[in-house]
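In my numbering, the protein residues as written are 96 to 412.
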Ligand SMILES: C[S@@+](CC[C@H](N)C(=O)[O-])C[C@H]1O[C@@H](n2cnc3c(N)ncnc32)[C@H](O)[C@@H]1O
């Protein structure tokens with residue numbers, strides 16, 4: 096059974112127990128208010144995307160028209176495996192509408208037409224998008240009841256913004272927009288009421304950042320195969336070359352005593368004997384388990400010249 100109770104934030108505003116009409120009008124008033132605020136901070140050529148199911152999306156569309164936005168598209172995001180409708184009195188809810196709108200009729204909105212065509216095997220991209228709901232790796236730190244798939248936000252940002260652009264998500268939930276922004280080299284600001292979802296966002300973001308840093312680090316390791324030991328610390332030449340600043344802050348801040356371990360992982364990098372780059376990397380609890388996975392991937396032991404083990408622990412201060 097699919098629960099329709101997503102959270103207190105999803106309840107109508109205003110006189111909660113009033114007649115249905117009053118509730119609908121209050122929802123509409125709320126939509127108009129936040130959309131007007133979004134329109135105010137949107138750049139002249141910026142655009143806005145709003146997704147929603149039938150109970151709210153028509154009000155959003157009407158409010159956008161009332162405020163003078165220019166409607167560009169209504170995307171049907173089609174979910175390939177929708178949950179069954181247990182009442183058997185309706186069709187299964189298999190699509191969500193996403194409205195794309197520009198600030199006003201004068202806007203010259205960004206649309207990366209060529210890129211969209213390329214990613215659609217050379218054909219113009221349609222307004223019907225089949226994208227699977229969030230995969231399990233997207234929920235490994237916890238779930239949000241209306242979490243969007245990263246692939247959906249990747250497409251939205253790639254279609255309508257350019258590298259370096261600033262994206263605002265006023266209802267950021269588990270932070271999917273910020274994650275997609277990081278992946279596509281945009282910057283993002285998110286607003287969220289719930290502390291729980293902010294913490295989830297932080298976990299998702301830091302885990303992505305750590306991966307980026309580690310993959311850069313491995314490139315550096317592969318160049319250093321000389322037998323003489325070298326200083327890999329902040330003062331050593333290795334990190335001086337890397338694009339990260341690791342200067343200690345001049346005024347170290349006292350850290351909270353209640354550190355919370357939010358992520359812990361142990362990864363092994365196998366460096367190739369012949370081309371001396373990372374040929375395999377794997378998360379594993381021990382070296383032996385990692386070597387087993389290396390063999391299972393089709394590599395004989397002799398393929399590896401050496402193995403680097405990295406341990407990562409992230410604490411929320
Ligand atoms: C539809 S969810 C967003 C889900 C998000 N797209 C994701 O992928 O996780 C809406 C979020 O807006 C938050 N919210 C509701 N009203 C808000 C408000 N007035 N200000 C900030 N956040 C709000 C809720 O807590 C909820 O997490």
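All residues carry an ideal CB built from backbone N, CA and C; glycine is no exception. In this text, all values refer to a predicted model and were calculated from it rather than measured experimentally.
Could you give the uninterrupted runs of the alpha helix (DSSP H) lying entirely in the region 142 to 179, keeping only those of 4 residues or more? 149 to 161
By how many angstroms is the C-alpha of residue 287 removed from the C-alpha of residue 265? Position 170 of the chain shown, counted from the first residue, corresponds to residue 265. Position 192 of the chain shown, counted from the first residue, corresponds to residue 287. When rounded, the distance between both Cα atoms is 7 Å.
Taking the straight line between their C-alpha atoms, what separation do you get for residue 140 and residue 207? Along the chain shown, read from residue 1 onward, the residue named residue 140 stands at position 45. Along the chain shown, read from residue 1 onward, the residue named residue 207 stands at position 112. In a straight line, the C-alpha of residue 140 is about 14 Å away from that of residue 207.
Taking 8 Å as the cut-off, is the beta-carbon of residue 264 closer than that to any non-hydrogen atom of ligand 1? For the purposes of this step, residue 264 is taken as residue 169 along the chain shown, with counting starting at 1. Yes, the beta carbon of residue 264 sits closer than 8 Å to at least one heavy atom of ligand 1.
Could you tell me which uninterrupted alpha helix (DSSP H) segments, each at least 4 residues in length, are contained entirely in the region 216 to 302, listed from first to last along the chain? 245 to 255 and 271 to 278
Reference residue 223, options 250, 391 and 377, closest by Cα: Residue numbering aside, residue 223 sits at position 128 when the chain shown is read from its first letter. It is 250 whose Cα lies nearest to the Cα of residue 223.
To the nearest angstrom, how far is the alpha carbon of residue 126 from that of residue 150? Position 31 of the chain shown, counted from the first residue, corresponds to residue 126. Position 55 of the chain shown, counted from the first residue, corresponds to residue 150. Residue 126 and residue 150: Cα-Cα distance of roughly 12 Å.
Could you give the DSSP three-state label for residue 136: helix, strand or coil? Against the chain shown, residue 136 aligns to sequence position 41. Residue 136 falls in the helix class under three-state DSSP.
Going by DSSP, name the residue or residues bridged to residue 363. Residue mapping note: residue 363 aligns to position 268 of the chain shown, counting from 1. Residue 363 is bridged to 377 and 404.
In angstroms, rounded to a whole number, what distance separates the CA positions of residue 219 and residue 366? The residue labelled residue 219 in the question sits at position 124 within the chain shown. The residue labelled residue 366 in the question sits at position 271 within the chain shown. Straight-line Cα distance between these residues: approximately 42 Å.
Looking at the strands, I want to know which residues DSSP matches up with residue 399. The residue given as residue 399 occupies position 304 in the chain shown. According to DSSP, which records beta bridges pairwise, residue 399 is partnered with 367.
Whole-angstrom C-beta distance between residue 273 and residue 285, which should lie under 8 Å: Start at 1 with the first residue of the chain shown, and residue 285 comes out as number 190. Start at 1 with the first residue of the chain shown, and residue 273 comes out as number 178. The Cβ separation is near 5 Å, so the contact holds.
In this structure, does DSSP put residue 187 in helix, strand or coil? Your numbering for residue 187 matches position 92 in the chain shown. In the structure shown, residue 187 sits in coil (DSSP, three-state: anything other than H, G, I, E or B).
Classify residue 209 as helix, strand or coil using the three-state DSSP reduction. For the purposes of this step, residue 209 is identified with residue 114 of the chain shown, where counting begins at 1. Helix, per DSSP.
CB residue 248 to CB residue 195, shorter than 9 Å? Reading the chain shown from its first residue, position 153 is the one you call residue 248. Reading the chain shown from its first residue, position 100 is the one you call residue 195. Against a cut-off of 9 Å, the Cβ pair of residue 195 and residue 248 comes out as no contact.
Extent of the continuous alpha helix (DSSP H) run through residue 391: Your numbering for residue 391 matches position 296 in the chain shown. Counting along the chain, the alpha helix (DSSP H) containing residue 391 begins and ends at 382 to 391.
Check whether the Cβ of residue 156 sits closer than 8 Å to any heavy atom of ligand 1, and report yes or no. In the chain shown, the residue the question calls residue 156 occupies position 61. It does not: the Cβ of residue 156 is nowhere closer than 8 Å to a heavy atom of ligand 1.
I need the straight-line Cα distance from residue 242 to residue 122, nearest angstrom please. Taking the first residue of the chain shown as 1, we reach residue 242 at position 147. Taking the first residue of the chain shown as 1, we reach residue 122 at position 27. Distance between the alpha carbons of residue 242 and residue 122 is about 21 Å.
Assess contact between the region 167 to 179 and the region 224 to 240, defined as three or more Cβ pairs (one per stretch) separated by less than 8 Å. Is contact present? yes
What do you get for residue 72, buried or exposed, if any count of 16 or more other CB atoms within 10 angstroms of its CB means buried? Within the shown structure, residues of the chain are numbered from 96 to 412, placing residue 72 beyond reach of any answer.
Leaving out five residues before and five after residue 245 in sequence, what residues of the same chain have Cβ atoms less than 8 Å from its Cβ? The count along the chain shown starts at 1 and reaches residue 245 at position 150. Closer than 8 Å at the Cβ level, and outside the excluded window around residue 245, lie 229, 233, 271, 274, 275 and 278.
Under three-state DSSP, which class holds residue 352? As a position in the chain shown, residue 352 is number 257, starting the count at 1. Correct three-state label for residue 352: coil.
Could you check whether residue 382 and residue 360 sit closer than 9 Å to each other, using their CB atoms as the reference points? As a working note, residue 360 is residue 265 in the chain shown. As a working note, residue 382 is residue 287 in the chain shown. No.
In chain order, what residues of the same chain lie with their CB nearer than 7 Å to the CB of residue 210, ignoring the 5 residues before and after it? Locating residue 210 in the chain shown gives position 115, where the first residue counts as 1. Closer than 7 Å at the Cβ level, and outside the excluded window around residue 210, lie 253.
I need the DSSP call for residue 411, collapsed to helix, strand or coil. Position 316 of the chain shown holds residue 411. Strand at residue 411.
Under 8 Å from any heavy atom of ligand 1, does the C-beta of residue 237 make it? Start at 1 with the first residue of the chain shown, and residue 237 comes out as number 142. Not so, every heavy atom of ligand 1 lies at least 8 Å from the Cβ.
Taking just the CA atoms, how far does residue 168 sit from residue 300? Position 205 of the chain shown, counted from the first residue, corresponds to residue 300. Position 73 of the chain shown, counted from the first residue, corresponds to residue 168. The straight-line gap from Cα to Cα measures roughly 30 Å.
Using DSSP with H/G/I as helix, E/B as strand and the rest coil, what is residue 115? Walking along the chain shown from the start, residue 115 turns up at place 20. Three-state DSSP puts residue 115 in a helix.
Hey, does residue 139 have any beta-carbon neighbour from chain C nearer than 9 Å? Any reference to chain C falls outside this structure, which holds one protein chain only.
Can you give me the Cβ contacts of residue 192 inside the same chain, cut-off strictly under 6 Å, excluding the 5 residues immediately before and after it? Counting from one through the chain shown, the residue named residue 192 turns up at place 97. Excluding positions up to five away in sequence, the list reads 152 and 169.
Of all the options 166, 355, 292 and 283, which has the alpha carbon lying nearest to the alpha carbon of residue 201? Reading the chain shown from its first residue, position 106 is the one you call residue 201. The shortest C-alpha separation from residue 201 is found at 166.
Give the C-beta separation of residue 145 and residue 155 to the nearest angstrom, bearing in mind that I take them to be a contact with Cβ-Cβ under 8 Å. Position 50 of the chain shown, counted from the first residue, corresponds to residue 145. Position 60 of the chain shown, counted from the first residue, corresponds to residue 155. The Cβ separation is near 5 Å, so the contact holds.
Mapping DSSP to helix, strand and coil, what is residue 122? Within the chain shown, residue 122 is the residue found at index 27, counting from 1. Looking at residue 122 - three-state DSSP - the assignment turns out to be helix.
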